[in-house]
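In the numbering used here, the protein residues as written are 1 to 121.
Taking it in order: structure first as C-alpha cells, then the write-up.
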Ligand SMILES: [Zn+2]
C-alpha cells in the first residue's frame with residue numbers, strides 16, 4: 001500500500017504545468033501535486049526524504065523563501081560549529097599542456113602542491 005503527500009508549497013497549485021491540470025470541460029483547475037512517499041527511496045531504508053514533501057526544487061525553494069525567517073528561528077544557529085582537522089600539504093609531479101608551435105601540444109612537467117583536509121577523530 002502506498003502513502004501519498006500533497007506538495008507542501010502553498011503555491012504549488014498556482015504553477016502552470018500540464019501535469020497539474022485536473023477536471024473536465026469548463027471545470028478545469030490547477031491542483032497541488034500529489035507525491036508518492038518513497039518515490040526516490042533508492043537505498044530502501046525508508047528514511048524520511050525531502051522529495052516526499054515537495055514535488056520539485058522550485059516548490060521546495062518557494063517554500064523555503066516563504067518560511068525562511070520561521071525556519072531560521074526554529075532551528076537557530078547562535079554560534080559557529082567547528083570540526084577538528086589536519087591540513088596536509090604534499091608536493092607531487094604533475095604536468096600541463098603547452099602549444100608546441102606546430103599546431104599541437106606538448107606535456108610540460110612541473111612541481112604541484114596538493115592540499116588535503118584530514119579529519120582528526
Ligand atoms: Zn509542488
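Ideal Cβ placement from N, Cα and C applies to all residues, glycine included.
Just so you know, these numbers come straight off a predicted model, no measurement behind them.
First and last residue of the uninterrupted alpha helix (DSSP H) at residue i
i: residue 118; result: Premise fails: residue 118 lies in the beta strand (DSSP E), 105-119, not in any alpha helix (DSSP H).
i: residue 70; result: 57-74
beta-carbon residue i near ligand 1 non-hydrogen atom, thresh 6 Å
i: residue 122; result: In the structure displayed, the chain extends from 1 to 121; residue 122 sits before or after that span and is not available.
i: residue 33; result: yes
i: residue 9; result: yes
CA nearest to the CA of residue i, picked from the options
i: residue 91; options: 79, 73, 113; result: 113
i: residue 66; options: 5, 39, 121, 12; result: 12
i: residue 107; options: 45, 88, 93; result: 93
i: residue 115; options: 45, 50, 85; result: 85
Spatial distance of residue i from residue j (CA atoms)
i: residue 82; j: residue 89; result: 21 Å
i: residue 36; j: residue 99; result: 55 Å
i: residue 4; j: residue 52; result: 8 Å
Bridge partners - residue i, DSSP secondary structure assignment
i: residue 94; result: 110
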